[in-house]
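In the working numbering, the protein residues as written are 10 to 124.
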């Protein structure tokens, strides 16, 4: 009984968080932050942790450069991951530059558009 209640509570909390994210996304188009990654990638895992406080300000799209369909990205970034693009434009690599990310997100938010 406790297991079921605990899972129901977690599911309700998760659903509510998704609802809030979709609600905020429906008011404004969120920019897309693309993370070029592979598995394993400890620096990518670290970067995702650093990005957590910003998660409601962009949509995170992960691209696994080791997949055959991403071979062009593999050739370009195999020695540089993690690499980030914001709305399709190169933003940063190796580590998250919080000030650079914040500056670019603010620019987009001031325009009122994500893309």
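Positions of the beta carbon are idealized from the N, C-alpha and C atoms, including for glycine.
Query: Pick from 51, 50, 43 and 66 that is closest to residue 115, judged by C-alpha positions; Result: 66
Query: Nearest-angstrom Cα separation, counted from residue 74 out to residue 82; Result: 6 Å
Query: DSSP beta-bridge partners of residue 94; Result: 43 and 99
Query: Span of the alpha helix (DSSP H), counted from its first residue to its last, around residue 59; Result: 51 to 60
Query: Collapsed DSSP secondary structure at residue 69 in the structure displayed; Result: strand
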